[in-house]
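Asks:
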Amino acid sequence: VRAVPTGQDVQRYFDQLGLVTEGNVKVFDHRDKALEWVEDRIVAEEMKSKQAEQPLELADLDLFKGRKPETLADLEASLEKRTYKAGEQIFTRGGTGDELFMIRKGLVRIFLPLEGREPHHVATFSRGSFFGEMAFLDHEARSADAIAETDTEVYVLSRKRFDELCAEHKRLGMDLLGSLARTLALRMR
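If you count the sequence shown from 1, position 170 lands on 170 in the working numbering, and the numbers rise without skipping.
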């Protein structure tokens, strides 16, 4: 933020207090921009260590750990594997779709478009995370944009395929819905 609550310029304020002796101060117009800058640094550092990682297999995703091989085989037959190039749009706000995306490799950013302003960065999801759960659960239009930050590989599960799978694997369906509900509750908090 460029000004402190008194309206005083932050750089001048820091200079007066002697808090900054070098010129490496970042100034942001909004707190969200500052938080996004910090997240970008954390993500960049994390990505350096994960560049050579192989895509996760289904059994490696927290949503499905500990499942029987037969259940995983049936689940994998219900999934689609997709890849997205860095910068590619995965879905847009208002778009239709009922798919759940599980990240095997890469980063995905979720943005909320704002009319006449820059989009609001909501979250960044990485390897092992999932997104798109709202439309998957309620069959409503997408509530945000999803964009691949890096080259990204995902598993995709449509609601139709999930419902068909649940007819055969009821426990898997209950567990998946329970995991989605817990994660949604944590994200909302």
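Beta carbons: idealized from backbone N, C-alpha and C, even for Gly.
1) Could you check the C-alpha separation between L186 and M174 for me, to the nearest Å?
2) Suppose the cutoff is 6 Å on Cβ atoms and the five residues either side in sequence are ignored; what does the same chain contact list for A135 look like?
3) Taking V108 and A146 to be in contact with their CB atoms under 8 Å, please state how far apart those CB atoms are, rounded to whole angstroms.
4) Please tell me whether I103 and S78 are closer than 8 Å, where the distance is taken between their beta carbons.
5) Could you tell me if G94 is buried or exposed, where buried requires 16 or more neighbouring beta carbons within 10 angstroms of its beta carbon?
6) By Cβ distance below 8 Å, which residues in the same chain neighbour T190 in space, the five residues on each side in sequence not counted?
7) For V1, which residues from the same chain have a beta carbon less than 6 Å from its beta carbon, with the 5 sequence-adjacent residues on both sides left out?
8) Going by DSSP in three states, Q89 sits in which element: helix, strand or coil?
9) Can you tell me whether DSSP reads V38 as helix, strand or coil?
10) Within a Cβ cutoff of 7 Å, which residues of the same chain sit near E36, ignoring the five residues on either side of it in sequence?
11) With DSSP collapsed to three states, give me the class of L63.
12) Straight-line CA distance for F162 to Q54?
13) If we call anything under 8 Å between Cβ atoms a contact, is K85 one with Y155?
14) In the DSSP assignment, what are the bridge partners of M102?
15) By how many angstroms is the C-alpha of P119 removed from the C-alpha of G87?
16) On a CA-only basis, which of K33, L172, Q89 and S126 is nearest E70? Give me that one, please.
17) Excluding five sequence neighbours on each side, which residues of the same chain lie with their C-beta closer than 6 Å to the C-beta of T83?
18) Would you call the CB atoms of L100 and L157 closer than 8 Å?
19) Can K160 be considered in contact with the ligand ATP, in the sense that its beta carbon sits closer than 7 Å to one or more heavy atoms?
Replies: Answer, in terms of the structure:
1) The sequence position of residue 186 within the sequence shown is 186, counting from 1. The sequence position of residue 174 within the sequence shown is 174, counting from 1. In this structure, the straight-line span from the alpha carbon of L186 to that of M174 is close to 18 Å.
2) Sequence index remark: in the sequence shown, residue 135 carries index 135 (1-based). The answer, listed in chain order, is G97, D98 and R142.
3) Indexing the sequence shown from 1 puts residue 108 at position 108. Indexing the sequence shown from 1 puts residue 146 at position 146. With 8 Å as the limit, V108 and A146 qualify as a contact, their Cβ atoms being about 6 Å apart.
4) The residue given as residue 103 occupies position 103 in the sequence shown. The residue given as residue 78 occupies position 78 in the sequence shown. Contact annotation: I103 and S78 have beta-carbon atoms that are not nearer than 8 Å.
5) As a first step, residue 94 is located in the sequence shown; it is residue number 94 there, counting from the start. By the neighbour-count rule (16 or more Cβ atoms within 10 Å), G94 is not buried but exposed.
6) Residue 190 lies beyond the residue range present for the chain, which begins at 1 and ends at 189; the question has no answer from this structure.
7) If you number the sequence shown from 1, residue 1 lands on position 1. A caution first: V1 carries a pLDDT of 48, below 50, which makes its placement in the model too unreliable to give a value.
8) Your numbering for residue 89 matches position 89 in the sequence shown. Reduced to three states, the DSSP call for Q89 is strand.
9) Along the sequence shown, read from residue 1 onward, the residue named residue 38 stands at position 38. V38 sits in a helix when the DSSP states are folded into three classes.
10) Along the sequence shown, one-based indexing puts residue 36 at 36. A distance below 7 Å between beta-carbons, with the five flanking residues on each side excluded, links E36 to the following residues of its chain, in chain order: H121.
11) One-based indexing of the sequence shown puts residue 63 at position 63. The three-state reading of DSSP puts L63 in helix, counting H, G and I together.
12) On the sequence shown, position 162 is the one that residue 162 refers to. On the sequence shown, position 54 is the one that residue 54 refers to. Roughly 26 Å separates the two Cα atoms.
13) Working through the sequence shown from its first residue, we reach residue 85 at position 85. Working through the sequence shown from its first residue, we reach residue 155 at position 155. For K85 and Y155, no; Cβs fall outside 8 Å.
14) On the sequence shown, position 102 is the one that residue 102 refers to. F130 and Y155.
15) Counting from 1 along the sequence shown, the entry for residue 87 is found at position 87. Counting from 1 along the sequence shown, the entry for residue 119 is found at position 119. Distance between the alpha carbons of G87 and P119: 15 Å.
16) As a position in the sequence shown, residue 70 is number 70, starting the count at 1. Looking at the Cα atoms, L172 is the closest of the given residues.
17) For the purposes of this step, residue 83 is taken as residue 83 along the sequence shown, with counting starting at 1. Only E153 meet the Cβ criterion.
18) Reading the sequence shown from its first residue, position 100 is the one you call residue 100. Reading the sequence shown from its first residue, position 157 is the one you call residue 157. Result yes, Cβ atoms of L100 and L157 sit closer than 8 Å.
19) The ligand ATP is not part of the structure shown, which contains no ligands of any sort.
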